[in-house]
Ligand code: TTP
Ligand code: MG
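Residue numbers (my numbering): 4 to 353.
#1: Along the chain, where does the beta strand (DSSP E) containing residue 193 start, and where does it finish?
#2: Starting from the C-beta of residue 50, find all residues in its chain whose C-beta is less than 7 Å away, skip the five residues before and the five after it, and write them out in chain order.
#3: Check the DSSP bridge columns for residue 304 and list the partner residues they point to.
#4: Taking buried to mean at least 16 other C-beta atoms within 10 Å of its own C-beta, is residue 322 buried or exposed?
#5: Closer than 5 Å from C-beta to any heavy atom of the ligand MG: which residues, in chain order?
#6: Measure the alpha-carbon distance for residue 117 versus residue 126 and round it to whole angstroms.
#7: Would you list, in sequence order, the uninterrupted alpha helix (DSSP H) runs of no fewer than 4 residues that lie entirely inside the region 16 to 95?
#8: Span of the beta strand (DSSP E) holding residue 11?
#9: Quick one: Cα of residue 350 to Cα of residue 266, how far?
#10: If you check the beta carbons only, do residue 154 and residue 140 fall under 8 Å apart?
#11: Of the residues 165, 292, 147 and 17, which one's Cα is nearest the Cα of residue 78?
#12: Here's a check: name, in chain order, each residue in its chain whose Cβ is nearer than 7 Å to the Cβ of residue 244, leaving out the five neighbours to either side.
#13: Run through the DSSP bridge pairs and tell me what residue 163 is partnered with.
#14: Candidates 7, 41, 214 and 88: which alpha carbon is nearest residue 65's?
#15: Does the ligand TTP have a heavy atom nearer than 7 Å to the CB of residue 36?
#16: Whose C-alpha, out of 299, 102 and 309, is nearest the C-alpha of residue 281?
#17: Given a threshold of 16 other Cβ atoms within 10 Å of its Cβ, counted over all protein chains shown, does residue 4 qualify as buried or as exposed?
#18: Measure the Cβ-Cβ separation of residue 57 and residue 44 and say whether it is below 8 Å.
#19: For the alpha helix (DSSP H) containing residue 125, name the first residue and the last one.
#20: Closest to residue 22 by C-alpha separation, out of 84, 221 and 6, would be which residue?
#21: I'd like to check one pair, residue 225 with residue 205: are the Cβ atoms closer than 8 Å?
#22: Between 160, 88, 329 and 150, which lies nearest to residue 173 when the distance is taken from Cα to Cα?
#23: Quick check: what's the CA-CA separation for residue 136 versus residue 94?
#24: What span of residues does the alpha helix (DSSP H) with residue 232 cover, start to end?
#25: What is the rounded straight-line gap between the Cα of residue 208 and the Cα of residue 161?
#26: Buried or exposed: which applies to residue 163, given that a residue is buried once 16 or more other Cβ atoms fall within 10 Å of its Cβ?
#27: Buried or exposed for residue 9, please, with buried defined as at least 16 other CB atoms from any protein chain shown within 10 angstroms of its CB.
#28: How many Å lie between residue 74 and residue 167 at the Cα?
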């Protein structure tokens, strides 16, 4: 049996602004989006009482709540807080899947913290978040991943909700389908037209009916409603290579024209390697060439640092395979040595 925790900060951007400016603490508040369309990123709970919501236009929000205070966001601050909360998650498990700055799935199945109680872990994580950042978070705990996410909304703000293994069946049966991640408004309407409102409705139809009438999405929806889809926290993506490439507006017509692009490509690759601090883990150099007829070829050689001479040789070798065809794309890259215990968290901060 798996144990998942989903953690989600409460009205995140707004909560940060309320924390940092006492004058905003008790007023209906929204954070203006950075988009030119003039929609809100989020609103605090006072403003939500008036119906103000994320993605609503400033104009509409002001109509619902004339006293609404709208302030700009401070993305850098939100990112720093996100780093702080992720450091707290990492004390409990390595299996962390951030979904956005303020939200993550944790797989704590094998965690020994709190004597293995995911419920206590969720409480403790929320307390640590509060002690560190002064902000509240809500949590959902469940043996099925997507249920943990639904559960974290149940007792928002500053609350948590636990679905125990023997409660899963009832929870899914009465679950309105619109709460399932991936079932948006349009999909929901289509399901409702077929008489499907809850998990129980879907189960009653059976998997074959779902396949016939809704297709593959119907099958995966059935599996979710039947509790057959446990889910997996997808964490590490271990980098095995890094490359840069460019498709040219005008084809390169000979080898010299191709080679003249090398310095630029190497600059870009160097910049990316520096940024990700991968310089000392190079184990291979490679070149990719795409010809005008879209045939792609590549050449590589073991080596542990960037080397223009080797890239030149590899590019010449790859180019010759094209029998003087024009070239539309060039790329260069490196292979990256794996490093035990070093993982790259899947992160929207990248
Ligand atoms: P959410 O977790 O969806 O919302 P929230 O944290 O503001 O409120 P809740 O208490 O219901 O969890 O999103 C997190 C942040 O992401 C939010 O504070 C602002 C930003 N965001 C946008 O910029 N645009 C959007 O449409 C949404 C939904 C969120
Ligand atoms: Mg949130």
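Glycine included, each C-beta is placed from N, C-alpha and C at the ideal position. From a predicted model like this one, the values you see are computed outputs, not experimental measurements.
This is what the structure gives:
#1: Segment 188 to 196 is the alpha helix (DSSP H) holding residue 193; no beta strand (DSSP E) there.
#2: 31, 32, 33, 68 and 71
#3: 288
#4: buried
#5: 11, 12, 15 and 105
#6: 10 Å
#7: 48 to 51, 61 to 67 and 78 to 92
#8: 7 to 12
#9: Any answer about residue 350 is weak, because its pLDDT of 36 lies below 50 and its placement is not dependable; what the coordinates show is given next. Those two C-alpha atoms are separated by around 30 Å.
#10: no
#11: 17
#12: 336, 337, 338 and 339
#13: 142
#14: 41
#15: yes
#16: 309
#17: exposed
#18: yes
#19: 121 to 136
#20: 84
#21: yes
#22: 150
#23: 16 Å
#24: Unbroken run through residue 232: none, as it is neither H nor E.
#25: 37 Å
#26: buried
#27: buried
#28: 41 Å
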